[in-house]
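Have a look at the structure below, then the notes.
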Amino acid sequence: MGWIQGISRNDNVSAAQPGGASEGPADGALSLPQHPVVRAIFGAMMAAGPAAVTRGWRLESQCAVSMQRPGTQPILLRLEAGSAQDAEEALLTISPLIIDVLSLLLAVGPDGAPRARLIRPADILQAKGGGRRCGQERRALEQHIAELLQILRRLSLGAGPLLFDLTPIEGGAFVFQPGAALRQLACGAPLVRVDPKLLQLDHRTNRGPDLLAKKLGVHFALGGESIAIRNVRSLLRAVGEASPELATRIGRSGRLAERFDEALLRLEERSLFHVRYRGKPIDQRVKGWVNRWLAADLVITPWRGENAL
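Position one of the sequence shown corresponds to residue 0 (numbering that gives the first Met the number 0), numbered consecutively onward.
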């Protein structure tokens, strides 16, 4: 798909040039480690953006932190910054396009190990179906991807070392060297497949159902191949869509519920995941329906031929 080009350990980073083809599967799918830290990274980045502070991020004097609970143990992500204002500006800069960028950075090779790669913003855009973009719009998107890569250079696991060693080079590309933390979590972890159709879903915030389908689909994919049962509230929290006002009048829960169900339909239409409510349907016209909807269980099944309705 042209996202990455392998770099040997003996290559001179300053002389590396963009180009080359991906070494991934023929269908363009990416393999990611099925690990709680990976889910925590995606969860924290999905919750970033203009509503970051109301969705779990906390600003401190020289960083922003996000506590994620992808499993039984909480995981702290830390975004280094020069000041609280710098941290806030970084969070505001993060858009859902970071889902595509993270999928590339966290992908592993056929041997299950992360490897050094040359990453070009133009190739990320091309791979996610942005080939039709041109002119000023394309240049703006490539510049934004470069900004996201610069922000990810500041992300660490708690007080540990930075997760992503990204070195900008001439031509707008970055050389990625997986750090010790990434190598450790990938070692021996089972792999999950991220379908390219997920990454090709629209990332723009004004494409609500597509964007929510993208977030949910990646979250489901990171859970592996087994059938899962989750309630609506936990899913919204996991993909950065929950807020304290969710069940109140100002939370616009009706619109969110419609967008949520449309997102599930998008995943079904693209043969990605089959998701159904368990039990009786929620009547959205009866008082108290919001809390009942948030507590409703969903049965999530990776798409197989027999899922077709």
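We treat Cβ as the ideally placed atom computed from N, Cα and C, and that holds for glycine. Keep in mind it's a predicted model, so treat the numbers as computed, not measured.
Using only the alpha-carbon positions, how far apart do A180 and P113 sit? 11 Å
Using the three-state DSSP reduction, which class does P49 fall into: helix, strand or coil? coil
Please state the DSSP three-state secondary structure of E257. helix
Contact check, L221 vs V174 under 8 Å by CB: the rounded distance? About 26 Å separates the two Cβ atoms, so there is no contact after all.
Would you please state the rounded distance, in angstroms, between the beta carbons of H218 and L96? I believe it to be under 8 Å. No, H218 and L96 are not in contact; Cβ-Cβ is about 17 Å, not under 8 Å.
Between A295 and the rest of its own chain, which residues show a CB-CB distance below 8 Å, the 5 nearest in sequence each way excluded? N230, V231, Y276, R277, G278, I281
Give me, in chain order, the residues of the same chain whose beta-carbon lies closer than 7 Å to that of L308; leave out the 5 immediate sequence neighbours on both sides. Low confidence applies here, because L308 scores a pLDDT of 40, under 50, leaving its location unreliable; read the following figure in that light. Nothing listed; no residue qualifies.
Proximal residues to A241 (C-beta, below 6 Å), its chain only, five neighbours per side dropped: L235
Residue of D194, R57, P160 minimising C-alpha distance to E224: D194
For the structure I just gave you, are there three or more beta carbon pairs, one from the region 55-67 and one from the region 38-47, closer than 8 Å? yes
What do you get for T71, buried or exposed, if any count of 16 or more other CB atoms within 10 angstroms of its CB means buried? exposed
Output the residue ranges of the beta strand (DSSP E) runs that lie fully inside the region 163-227 and measure 3 residues or longer, sorted by chain position. 163-167, 173-177, 190-193
As a quick exercise: from T166, P160, H273, A80, pick the residue whose alpha carbon is nearest that of L148. T166
Using CA atoms only, rank isn't needed, just tell me which of P177, I226, Q125, P208 is closest to G111. P177
When the distance is taken between beta carbons, is R54 closer than 8 Å to G239? yes
Taking Cβ positions, are L316 and W302 nearer each other than 8 Å? The structure shown does not extend to residue 316, since the chain is modelled only from 0 to 308, so the question has no answer here.
By how many angstroms is the C-alpha of L245 removed from the C-alpha of N290? 9 Å
Three-state class that DSSP yields for A25 in the structure shown: Legend: pLDDT at A25 = 48, less than 50; position of this residue unreliable, value from coordinates given subsequently. In the structure shown, A25 sits in coil (DSSP, three-state: anything other than H, G, I, E or B).
Under 8 Å between the Cβ atoms of L156 and V36? yes
Pairwise C-alpha distance: R116 and Q33: 21 Å
Straight-line gap, C62 to I168 (C-alpha atoms, nearest Å): 26 Å
According to DSSP, simplified to helix, strand and coil, what is W292? helix
Buried versus exposed call for R309 [16 or more other C-beta atoms within 10 Å across all chains shown]: Since the first residue shown for the chain is 0 and the last is 308, residue 309 is missing from the structure and cannot be characterised.
When burial is assigned at 16 or more other CB atoms within 10 Å of the CB, is D10 buried or exposed? The pLDDT assigned to D10 is 42, lower than 50, so where the model puts this residue is not dependable, and the model offers no usable value.
For the beta strand (DSSP E) that A63 lies in, which residues bound it at each end? 62-67
Proximity of V274 and I228 at Cβ, strictly below 8 Å: no
Enumerate in chain order the residues of its own chain whose CB-to-CB distance from L211 is below 6 Å, with the five nearest sequence positions on each side excluded. R258, A262
With which residues is F272 paired in a DSSP beta bridge? P301
Kindly indicate the opening and closing residues of the alpha helix (DSSP H) around L140. 134-151
Look at A106 and L29 and say whether their C-beta atoms are less than 8 Å apart. yes
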